[in-house]
Amino acid sequence: MTVESFFELYAAIFGWQQYNQLWDILTGTGLAYLPFLIILLLNIIGPITSQETRDAATTSVKRMEVDLFIAFTVVVLAAAPAIDLNASVLTYKKPCDTISGPAGTFAPGSTRTTFDAVFSEVIATSAQVPVWWWGIMAISSGINREAIAHIGCPPDLSGFQMEIARTRIQDPQLLNEVNKFVRYCYRPARARFEREQPDVAAILTEQGPEDLEWIGSHALLDTTGYYDNPHFRPREGIRGWPLDRTRDTEYPDPLPPDLDPAHIGRPVCNDWRTNPERGLRGKLLGVIEPGVLGTGLSLRSEFVIFEGSLTEEKVEDALLKSTLGGWQQDLTLLRFPAARLWPDPAVRPDTCHGTIEPLAGTEVAAAPETPPAAFQNSMDQRPSRAAPAPLSVGPPEPPEPAVGSPDPPAAVGRGPLPPAAVPEAGASAEPIDLGQAFLAWLKQGIVSGDLAINTVNARVHRVREGMLIVSPGIFRDYANAAQAPWANVQKRFQKLRLHRKTPEGFNIWTYTVVGERRTRELKGLLVEDPEKALKPGVTLPPPNPHVVLADGKKG
Numbered sequence: 000m001t002v003e004s005f006f007e008l009y010a011a012i013f014g015w016q017q018y019n020q021l022w023d024i025l026t027g028t029g030l031a032y033l034p035f036l037i038i039l040l041l042n043i044i045g046p047i048t049s050q051e052t053r054d055a056a057t058t059s060v061k062r063m064e065v066d067l068f069i070a071f072t073v074v075v076l077a078a079a080p081a082i083d084l085n086a087s088v089l090t091y092k093k094p095c096d097t098i099s100g101p102a103g104t105f106a107p108g109s110t111r112t113t114f115d116a117v118f119s120e121v122i123a124t125s126a127q128v129p130v131w132w133w134g135i136m137a138i139s140s141g142i143n144r145e146a147i148a149h150i151g152c153p154p155d156l157s158g159f160q161m162e163i164a165r166t167r168i169q170d171p172q173l174l175n176e177v178n179k180f181v182r183y184c185y186r187p188a189r190a191r192f193e194r195e196q197p198d199v200a201a202i203l204t205e206q207g208p209e210d211l212e213w214i215g216s217h218a219l220l221d222t223t224g225y226y227d228n229p230h231f232r233p234r235e236g237i238r239g240w241p242l243d244r245t246r247d248t249e250y251p252d253p254l255p256p257d258l259d260p261a262h263i264g265r266p267v268c269n270d271w272r273t274n275p276e277r278g279l280r281g282k283l284l285g286v287i288e289p290g291v292l293g294t295g296l297s298l299r300s301e302f303v304i305f306e307g308s309l310t311e312e313k314v315e316d317a318l319l320k321s322t323l324g325g326w327q328q329d330l331t332l333l334r335f336p337a338a339r340l341w342p343d344p345a346v347r348p349d350t351c352h353g354t355i356e357p358l359a360g361t362e363v364a365a366a367p368e369t370p371p372a373a374f375q376n377s378m379d380q381r382p383s384r385a386a387p388a389p390l391s392v393g394p395p396e397p398p399e400p401a402v403g404s405p406d407p408p409a410a411v412g413r414g415p416l417p418p419a420a421v422p423e424a425g426a427s428a429e430p431i432d433l434g435q436a437f438l439a440w441l442k443q444g445i446v447s448g449d450l451a452i453n454t455v456n457a458r459v460h461r462v463r464e465g466m467l468i469v470s471p472g473i474f475r476d477y478a479n480a481a482q483a484p485w486a487n488v489q490k491r492f493q494k495l496r497l498h499r500k501t502p503e504g505f506n507i508w509t510y511t512v513v514g515e516r517r518t519r520e521l522k523g524l525l526v527e528d529p530e531k532a533l534k535p536g537v538t539l540p541p542p543n544p545h546v547v548l549a550d551g552k553k554g
């Protein structure tokens, strides 16, 4: 006898074993004979109550014979276990090749599935099936088998979906490269897109409204000024990309001996993604099993409704979205200075070989560098969080400071690196105007898209009254890279008199962010004429309607 699935190979035996136990209970307690007793009583009482006393005995006997024969036939054929059912008589004939395996005939215990182990004790015993149900099972099995043979093999959509769901990136170098692409290309390009709001309705109609939600966005790739922007390049060498002197002008000539020119290239984002030889898209497609990719492409011909619209590129994009959907891992961490835990650098553990970034919108408090007593008096002076420097194969990073130095340099947490604020070796010791340096850094971040505007966690917001720069957050971001107290940076910027004071004479304005579920406050400096303050060449988006001036809370 054949069944219709691997599971039914075991479920058929297991189900009838449970029925056999129930039948033994019914016969052991006498409940199985209760229907016959009811038939006897009804055939005796019925003629008497109907006043057919003359022929009551004859009528009762005749009816009793017929009813008992019917009941006995039903019990024998449909209720009483009679025919043995065991693993030796069951087979499953898989009609079609699928991703999970080829077609073939399988018996219990040899399916190469997890059912073999789970039901190992079940197939060791047999069960008995009533004659009627044995016939029904045999007839339905034959009908199903012939129907499948004439219909043919449909696409194995469930198996295909399972294979896609468990496809994940395992190569740590590829994971690191994806992370760098997100940091150096997708985030700044998406920030500029949100600020400029270009007309991409045609692209979103073709690719779907969720196109902007992943790194392979066609809106960012096909629209001028985003992935093709020469400013959107990695700030470190990318493994597998050779040095291009016309593009990678950051490197000295000749190169230091510790730099490999075959792995320090810094490609523009569109080339980084689509290059046929070393592009990120091709590397990610290589993660997907060839059988899964081939099945996905062949499905286009199975559904006529998709003809002309489901292109090969769209199929590949859908597979890539699924592959990229599960590799990130969110962690909640406590941050401690390494010098506090391991005063001796020689006994410190190895640095994490990868990149850990704070999630957008998650406030991460930096560990204080001052003793507890001083910490109580300098709550507002401690530095904000700074994103750890990523693993790099580019130019060497500056050496780590000696253990115990009071102000170790921090990586840039938000926005571009301020070159004007960090003097080079051998440069003159002339004092730097932190206010002007901050203003240049602010302009550079807005132009390049590194500084988000009007987003949920942005440090800069366009409001009806001008431009709001969130304090102290944005000054802390700059100070982390400039190695200067953020309060000094803010004071020097205020000396430029580019901001407007509140009617009460305070520097800080309070704005309310009105969301769908809750409201919160933003405090910062208000630059009344941002285009004039930032000079020509800076284009700001329209005012954010969700950020409004808080009445009675100026300062």
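For the sequence shown, numbering that gives the first Met the number 0 assigns the number 0 to the initial residue and increments by one for each residue that follows. Think of the CB as a built atom: it goes at the ideal place given N, C-alpha and C, for glycine as much as any other residue. For clarity, every value in this text was computed on a predicted model and none was experimentally measured.
Give me the Cα-Cα distance between residue i and residue j, rounded to the nearest whole angstrom.
| i | j | result |
| --- | --- | --- |
| E145 | F6 | 20 Å |
| I237 | G448 | 21 Å |
| N376 | E530 | Residue placement at N376 is poorly supported in this model, since its pLDDT is 36, which falls under 50; the coordinates are not used for a value here. |
| A455 | P187 | In the sequence as displayed, the identity of residue 455 is Val instead of Ala. Near 15 Å, if we compare the C-alpha coordinates of P187 and V455. |
| Q328 | H498 | The pLDDT assigned to Q328 is 42, lower than 50, so where the model puts this residue is not dependable; a value taken from the coordinates is nonetheless given after this. Distance between the alpha carbons of Q328 and H498 is about 41 Å. |
| N453 | N543 | 6 Å |
| T223 | K534 | 24 Å |
| K490 | A483 | 12 Å |
| F317 | V462 | With the sequence shown as reference, residue 317 is identified as Ala, and Phe is not the correct amino acid for it. Roughly 38 Å between the two C-alpha positions. |
Tell me the residue span of the alpha helix (DSSP H) that contains residue i.
| i | result |
| --- | --- |
| G27 | 5-28 |
| F437 | 433-447 |
| L279 | 279-286 |
| T104 | Run containing T104: none in the alpha helix (DSSP H); it sits in the beta strand (DSSP E), 103-105. |
| D270 | 268-273 |
| D476 | 472-481 |
| K494 | 485-494 |
| A218 | 217-221 |
Does DSSP classify residue i as helix, strand or coil?
| i | result |
| --- | --- |
| P548 | It should be noted that the sequence gives Leu, not Pro, for residue 548. Three-state DSSP puts L548 in a strand. |
| T110 | coil |
| Y91 | strand |
| K522 | strand |
| T454 | coil |
| I37 | helix |
| V537 | coil |
| T72 | helix |
| W131 | helix |
| V65 | helix |
| T556 | No answer is possible for residue 556: it lies beyond the span of the chain, which begins at 0 and ends at 554. |
| T58 | helix |
| G465 | strand |
| H262 | coil |
| A126 | strand |
| V314 | helix |
| T248 | coil |
| H149 | helix |
| S119 | coil |
| I237 | strand |
| H230 | coil |
| V199 | coil |
| R144 | helix |
| T1 | strand |
| R167 | coil |
| R516 | coil |
Alpha carbons only, please: which of the options is nearest the one belonging to residue i?
| i | options | result |
| --- | --- | --- |
| G45 | S59, L539, P197 | S59 |
| G434 | R182, K179, Q443, F474 | F474 |
| D243 | E235, G264, P233, P342 | G264 |
| D270 | T57, R246, G514, P484 | R246 |
| A10 | T538, V181, R182, P107 | P107 |
| L438 | Q493, L319, V462, N479 | Q493 |
| I24 | A79, E520, P256, F13 | A79 |
| A56 | A70, L41, F68, I69 | L41 |
| L495 | A532, S140, M63 | A532 |
| E195 | A549, T538, S470 | T538 |
| V314 | Y250, P336, Q206 | Q206 |
In the DSSP assignment, the beta strand (DSSP E) including residue i goes from what residue to what residue?
| i | result |
| --- | --- |
| R194 | Taken as a continuous stretch (DSSP letters only), R194 belongs to no beta strand (DSSP E), being part of the alpha helix (DSSP H) at 186-195. |
| L84 | 82-84 |
Check the C-beta distance from residue i over to residue j and give it rounded, since I have them as a contact under 8 Å.
| i | j | result |
| --- | --- | --- |
| V267 | D227 | 7 Å |
| T511 | T518 | 6 Å |
| S125 | N85 | 4 Å |
| V546 | H460 | 5 Å |
| L174 | F192 | Incorrect: roughly 25 Å between the Cβ atoms, too far for contact. |
| L524 | I468 | 5 Å |
| E176 | L279 | 6 Å |
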